[in-house]
Structures are given as C-alpha cells and as structure tokens.
Amino acid sequence: MAKDKNQGLDFDSSNLLLFVFRWRKPLLIVSVLAAILSAVFSAPMFITPKFESTVIMFPTSTASISKSLLAKNNVAKEDLLSFGEEEQAEQLIQILNSDEIRSKIVERYDLMNHYEIDTTDQYKQTKLFKEYDSNITYKRTEFQSVRVDVLDTDPEMAADIANDIAALVDSVKNRMQKERAFKAMKIAEAEYMEMKNYVKELEDSLNSLREMGVNDYESMSERFNEYYAKAILENKTQAAEKLAVQLKILSQYGGAYVSIRDMLEHEKEQLSHLRAKYQEAKVDAEQTLPHKFIVNNAFPAEKKSYPIRWLIVLVSVISTFIIALLTIIAYENLKKANN
Numbered sequence: 635m636a637k638d639k640n641q642g643l644d645f646d647s648s649n650l651l652l653f654v655f656r657w658r659k660p661l662l663i664v665s666v667l668a669a670i671l672s673a674v675f676s677a678p679m680f681i682t683p684k685f686e687s688t689v690i691m692f693p694t695s696t697a698s699i700s701k702s703l704l705a706k707n708n709v710a711k712e713d714l715l716s717f718g719e720e721e722q723a724e725q726l727i728q729i730l731n732s733d734e735i736r737s738k739i740v741e742r743y744d745l746m747n748h749y750e751i752d753t754t755d756q757y758k759q760t761k762l763f764k765e766y767d768s769n770i771t772y773k774r775t776e777f778q779s780v781r782v783d784v785l786d787t788d789p790e791m792a793a794d795i796a797n798d799i800a801a802l803v804d805s806v807k808n809r810m811q812k813e814r815a816f817k818a819m820k821i822a823e824a825e826y827m828e829m830k831n832y833v834k835e836l837e838d839s840l841n842s843l844r845e846m847g848v849n850d851y852e853s854m855s856e857r858f859n860e861y862y863a864k865a866i867l868e869n870k871t872q873a874a875e876k877l878a879v880q881l882k883i884l885s886q887y888g889g890a891y892v893s894i895r896d897m898l899e900h901e902k903e904q905l906s907h908l909r910a911k912y913q914e915a916k917v918d919a920e921q922t923l924p925h926k927f928i929v930n931n932a933f934p935a936e937k938k939s940y941p942i943r944w945l946i947v948l949v950s951v952i953s954t955f956i957i958a959l960l961t962i963i964a965y966e967n968l969k970k971a972n973n
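By the working numbering, the letter at position 204 of the sequence shown is numbered 838, and the numbering carries on one by one without gaps.
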C-alpha cells in the first residue's frame with residue numbers, strides 16, 4: 635500500500651503537459667488576471683515613472699599641466715590629448731562617488747525635498763543617500779569610458795543633474811591637485827629664491843675681486859709674468875714694481891677668484907634648473923585643464939525608463955503561472971495521499 639501511495643505522490647512528471655492541459659482553464663484565468671493586475675498596478679497612478687539621462691566621458695591621462703605643456707620632448711606633449719586607461723577610469727569613478735560632489739548636487743537641486751524625505755526624520759541623511767544612490771549610478775564601460783546615469787521623475791532635472799555631475803569632476807579634481815601643487819610651488823619658490831640670493835652673493839664677491847683688478851686670473855697671470863720678466867730684462871724698474879704689485883694681488887686673490895668663478899658657473903646651472911622647476915610648479919598651481927573628454931552630454935529623455943511595464947507584466951505572469959501550477963500539483967498529491 636505504501637508503494638501505491640508513493641506512486642501516487644510521484645504522479646506524472648512524464649505527463650506534465652497533459653496535467654497542464656487538464657488544468658488549463660484555471661491556469662489561464664490566473665495568468666490573465668495576473669497580467670491585468672500587474673498592468674494596472676504598474677501604471678503611472680501607482681508607480682511614478684522616471685526618466686533616465688546619461689553622460690558618457692573618457693578620463694584624461696594623469697600627467698600634470700607643466701609636463702604636458704612645458705615638456706621638451708614630444709612624448710609628454712602627446713600625453714595631453716591621450717585618453718586615460720583603466721586606472722584613470724577607476725579614479726574618475728572614485729571622484730564621482732565623493733561626498734563633495736554628492737553634497738553639491740543635493741544642495742543645488744534640493745534633493746531632500748525633491749525626494750520627499752521628512753527633514754525631521756532621525757535617519758533623513760541615510761534615506762537621502764540611499765535614494766541618491768538608487769537614482770544616480772556610475773560605471774566603467776568596456777571601452778574604459780565612464781557612464782553617468784541619472785533617473786528622475788523630471789526629465790529636465792535628470793539631464794541637468796547628469797551634466798552638472800560631469801562638470802563637477804573638474805572642480806573637485808582641480809581642488810585636490812591644487813592643494814598639493816600649491817605646497818609644491820611654495821617649496822620650489824623658496825629653493826629658487828634661496829639659490830638666486832646665493833648666486834647674487836657670489837656675483838657681488840666676484841665683482842669685488844674684479845674691482846681690485848682680478849678679472850681673468852689665468853690669462854692675467856700669464857701676461858703679467860711675461861711682462862714682469864721682460865721689464866726685469868730691460869731694466870725697467872718702475873714698470874717691474876707696478877707689475878709686481880699686480881702679481882701680488884693676483885697671487886693673493888687669484889685662488890678665491892677661480893673658486894668663486896667656477897662655483898658661480900655651477901650654481902647658475904642649478905639656478906636655471908630650479909627656475910624651470912618653479913615655473914612648472916607655478917603652472918600646476920595656478921592653471922587648470924579639463925580632466926575628462928565628454929563623448930555624450932545628457933539630454934531630457936522623451937520616454938520613461940522606469941518602470942519597464944512589459945517586463946513587470948511578463949515576470950508577474952510567469953511567476954503567477956508557476957506558483958499556481960505548484961499549488962495545483964500539491965493539491966493533487968495531497969488529494970491522492972488522502973485517498
């Protein structure tokens with residue numbers, strides 16, 4: 635008897651189509667009813683339609699302005715016009731997800747009221763951020779571009795928010811970079827001014843030696859020694875005494891002259907290098923360039939994107955059909971088990 639009961643429970647997996655055909659009317663009625671109800675309850679009077687606007691942009695490379703514009707080689711200059719890679723796309727998404735951009739968008743469009751969030755609610759910020767994240771999304775595409783999607787009940791607002799978010803990328807990234815670039819500029823400026831003052835001191839010292847008659851030590855020493863020897867040979871005592879004084883000055887200050895002259899030449903090269911670094915740092919701190927290439931700007935959508943009514947109806951019909959079928963199977967098995 636137990637065997638017969640098990641056979642009854644495992645009633646007709648091979649005849650499922652016949653079973654469905656036998657119960658076709660109830661299943662059809664339930665499915666049609668589900669289609670009607672899902673179509674009604676997905677109408678605008680029950681679910682507020684939302685419109686989607688999209689911005690697509692490529693990140694730029696991470697090279698600084700100075701390296702892009704002031705570089706001496708063409709490789710760095712080409713970098714100015716190159717698209718960023720995966721790393722730059724991920725960095726761009728991190729900036730898009732920043733609190734600074736979110737706060738500015740929330741404030742600019744008064745999203746607390748627009749999303750109808752109770753300002754006296756204890757968890758108003760949590761609800762606001764949850765609604766914000768559900769309506770505004772960012773993702774990297776297979777082409778390494780970044781897509782900004784904004785859903786809103788107002789198509790104009792959806793487009794404006796998407797375009798403003800894209801515009802804020804530059805201001806946020808520029809602020810982040812300028813904080814660092816400004817400090818770098820101050821360091822470069824201090825080093826440059828210090829070297830400039832040091833070079834000025836060396837030049838003043840060299841000028842003092844020149845006023846004493848020490849100009850070109852090597853050539854003057856050679857000529858004076860030649861003239862002195864000639865004056866001695868020709869017995870020109872007065873000329874020899876004057877030349878002896880000059881030779882004494884050269885012997886006394888010549889070493890200092892050569893040392894300061896060579897040091898000045900080296901330090902001027904360093905000064906030129908520091909000046910170039912200072913100019914680069916100044917450009918990075920004071921000038922800006924866009925950090926993105928806009929492929930598509932957002933525009934107001936003409937058709938709603940949410941809810942997808944046909945999909946709701948389809949899922950509802952399939953789900954209802956399966957649930958109804960399982961319910962009938964359970965009913966049949968229970969009925970056979972009781973008999």
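Glycine included, each C-beta is placed from N, C-alpha and C at the ideal position. Predicted model, so just to flag it, every value in this text is computed and none were measured.
- Separation of the CB atoms of residue 700 and residue 716 is rounded to 16 angstroms, and the pair is thereby denied contact status at 8 angstroms.
- In this structure, residue 693 lies near residue 722, with their beta-carbon atoms less than 8 angstroms apart.
- Rounded to whole angstroms, the separation of the alpha carbons of residue 908 and residue 824 is 10 angstroms.
- Here residue 932 is not near residue 779, since their CB atoms are 8 angstroms or more apart.
- Classified as exposed, residue 964 has fewer than 16 neighbouring CB atoms from the shown chains inside 10 Å of its CB.
- Residue 782 places its beta carbon less than 8 angstroms from that of residue 796.
- Cβ atoms of residue 912 and residue 826 come within 8 angstroms of each other, at about 4 angstroms.
- CA-to-CA, the gap between residue 747 and residue 718 works out to about 37 angstroms.
- As DSSP reads the structure, residue 684 sits in a beta bridge with 940.
- Our two residues, residue 917 and residue 811, have alpha carbons roughly 12 angstroms apart in a direct line.
- Distance from the CA atom of residue 738 to the CA atom of residue 939, rounded to whole angstroms, is 25 angstroms.
- Residue pairing from DSSP places residue 780 in a beta bridge opposite 691, 774.
- Per DSSP, reduced to three states, the secondary structure at residue 785 is strand.
- Residue pairing by DSSP puts residue 928 in a beta bridge opposite 691.
- Contact between residue 730 and residue 799 holds, since their C-beta atoms are separated by about 7 angstroms, short of 8 angstroms.
- Boundaries for residue 717: no alpha helix (DSSP H) harbours it, and the DSSP string shows neither H nor E there.
- With contacts defined as CB atoms closer than 8 angstroms, residue 922 and residue 841 fail to qualify as a contacting pair.
- Shown here for residue 769: same chain residues with a beta carbon closer than 6 angstroms to its own, the five before and five after excluded, namely 785 in chain order.
- Rounded to the nearest whole angstrom, the C-alpha separation of residue 724 and residue 771 is 14 angstroms.
- Counting of Cβ neighbours within 10 angstroms places residue 915 among the buried residues, the total reaching 16 or more.
- DSSP, reduced to helix, strand and coil, places residue 832 within a helical segment of the structure shown.
- Nearest to residue 789 by C-alpha distance, out of 685, 755, 743, 752, is 685.
- Non-local C-beta neighbours of residue 657 in its own chain, meaning closer than 6 angstroms and more than five positions away in sequence, comprise 962, ordered along the chain.
- Distance from the CA of residue 794 to the CA of residue 759, rounded to the nearest whole angstrom, comes to 23 angstroms.
- With contacts defined by Cβ atoms closer than 8 angstroms, residue 802 and residue 894 do not form a contacting pair.
- For residue 753, there is no enclosing alpha helix (DSSP H), as DSSP gives it neither H nor E.
- If you draw a straight line from the Cα of residue 765 to the Cα of residue 661, it comes to about 38 angstroms.
- With respect to the 8 angstroms criterion, residue 819 and residue 910 are not classified as neighbours on the basis of their beta carbons.
- Only exposed fits residue 900, as fewer than 16 other CB atoms lie within 10 angstroms of its CB.
- Residue 733 and residue 751 have their C-alpha atoms some 19 angstroms from each other.
- In the three-state reduction of the DSSP assignment, residue 933 falls in the coil class, being assigned neither a helical nor a strand state.
- With 16 or more other Cβ atoms from the protein chains shown falling within 10 Å of its own Cβ, residue 736 counts as buried.
- Buried is the label assigned to residue 951, since at least 16 other Cβ atoms lie within 10 Å of its Cβ.
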